[in-house]
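The opening residue of the sequence shown carries number 1 in UniProt numbering; numbering runs sequentially from there.
All C-beta atoms, glycine included, are put in the ideal place defined by N, C-alpha and C.
A quick note: this is a predicted structure, and the numbers were derived from the prediction, not measured.
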Amino acid sequence: MAEPVIPDSFLEGYARILGEAAVSGRRLTREELDSRRTLGREAAEAGHQLRALVRMHLAETRAAWPAPAPGATPAAVAAAADSVLAAMEQAVDAFADGFERAQRLTVRREEAARREFIDDLLYGRSDLGRLAERATRFGLRLSRAHAVAVATGPEAYTETEAVPRQVESAMLARFGGRKILLTTKDGRMVCVAPGSQPDVLRYFAKQAHAATDGGRVAIGRAHRGPGGVVQSYDEALEALDLADRMDLDDPVLFAADLLVYPVLTRDRQAMADLVRSELGPLQKARGGAEPLLRTLSVYFDAGCVAAETARRLSLSVRALTYRLERIHQLTGSDPADPQHRYTLQTAVIGARLLDWPAKEV
């Protein structure tokens, strides 16, 4: 593919500077250096490549090389050549300085625009139609369904740090041609991918888990439209919060698998009433409600198998049996009775979600 033609205007005054330097041996003036920087900035803003521009200057130097004066001595010819090369060095250096400053400014503007877009995308703070238009600039087609994965680790991350860059490199090596957005938000790593390509987010989860030395990843459900990204992002955040409150140890959480918990807490007042009425009496036990609540939690997690529960709690089966009987005495509900078990287990889940008894409900 042919390179775009570069206008001669970016060489304005260059041949004259070389000619005067050959005659007088002078260096570039401050005004001339500023004009070179301005031309370099304009060339960068026009989208030209610095390599091609430098090549253009070298070709112009060769074409405009001053002929030696009649009768000039070899020493005079050498001095003139040295002055021309010195002027070329100054001119090209100033031109490149202006070019690179413009590029750095462009990069900063692009970064600011990208960050603004990400904030608007994940918080839904912009007009959705306008947001969809801006998304195409960053490789997303928001008219289609997208899903979001959020990864946490032992520390907060920014895009410039080693861990996010490691994950990004792995993702680009595997899915370079796909429409993926990788970023960080509030110290977490975030990946937005088409909902039709769940393998992308699973691979992100694998890479993020490894790069963070065992960090946790949550994946929201796929939703259509600009608002769908916000919804999926919120689901992923809620899944991470649930994992902390429910002591879930899965390294990768899928919001679709955790839908029962939001359903249970949709009527928060009803759940609080259940926790108070069903588990409130446990506060009368020696040591408070927490030890017996944990016993119930582990008992249900172990499938109501006494031996496995005792092993997980580092108790004897006899000690566990005593605790279960004490729970029955205090609450009037028998954990071993199928008729009572569902109510007790729902109350235990509610206690976790509401952070009871640490917080009053």
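Take the alpha-carbon of Arg-312 and the one of Glu-116: they are about 48 Å apart.
DSSP places Pro-291 in the uninterrupted alpha helix (DSSP H) bounded by 290 to 301. Below 8 Å, enough C-beta pairs join the region 53 to 61 and the region 89 to 100 to call them touching: three or more.
Per the Cβ contact rule, the region 147 to 164 is in contact with the region 205 to 217 (3 or more Cβ pairs under 8 Å). In this structure, the alpha-carbon of Leu-320 lies about 27 Å from that of Met-271.
Sequence-distant partners of Phe-175 (beyond 5 residues in either direction) whose C-beta falls short of 6 Å from its own C-beta, in its chain, are Val-200. In this structure, the beta-carbon distance from Arg-318 to Leu-292 does not fall below 9 Å. A direct Cα-to-Cα measurement between Ala-64 and Leu-105 gives close to 33 Å.
Cα atoms of Pro-74 and Ala-67: separation of roughly 13 Å, rounded to the nearest angstrom.
In this structure the region 287 to 304 lies against the region 344 to 357, because at least three pairs of beta carbons, one per stretch, are closer than 8 Å.
The criterion of a C-beta distance shorter than 9 Å is satisfied by Val-163 and Met-189. For Pro-338, the enclosing alpha helix (DSSP H) starts and ends at 338 to 354. Distance from the CA atom of Thr-38 to the CA atom of Arg-165, rounded to whole angstroms, is 34 Å. A straight line joining the alpha-carbon of Ala-59 with that of Arg-134 spans about 41 Å. The beta-bridge partner set that DSSP reports for Phe-117 is empty. By the Cβ-count criterion, Gly-153 is buried, with 16 or more other Cβ atoms from all chains shown falling within 10 Å of its own Cβ. Here DSSP, grouped into helix, strand and coil, assigns Leu-28 to coil.
With respect to the 9 Å criterion, Ala-69 and Ile-17 are not classified as neighbours on the basis of their beta carbons.
At the C-beta level, Val-84 and Ala-21 come within 9 Å of one another. When DSSP reads this structure, Cys-191 sits in a beta bridge with Ala-149, Leu-182.
Beta bridge pairing from DSSP links His-223 with His-146. Annotation for Thr-184: Tyr-157, Thr-158, Glu-159, Pro-164, Val-190 place their beta carbon closer than 7 Å to its own, counting only its chain and skipping 5 residues before and after. One alpha carbon belongs to Ala-76, the other to Pro-7, and they sit about 34 Å apart. A Cβ-Cβ separation of about 6 Å places Ala-87 in contact with Leu-28 under the 8 Å criterion. Boundaries of the beta strand (DSSP E) around Val-252: 252 to 254.
Distance from Leu-131 to Leu-122 at the Cβ level is roughly 11 Å; contact not present, criterion being Cβ atoms closer than 8 Å.
In terms of Cα proximity to Ala-256, the closest of Leu-274, Gln-269, Leu-240 is Leu-240.
Residue environment for Glu-278: buried (at least 16 other C-beta atoms within 10 angstroms of its C-beta).
Leaving aside the five residues that flank Ser-316 on each side, the residues in its chain whose CB is nearer than 8 Å to its CB run, in chain order, Ala-310.
A buried status is given to Leu-11, since no fewer than 16 other beta-carbon atoms sit within 10 Å of its beta-carbon.
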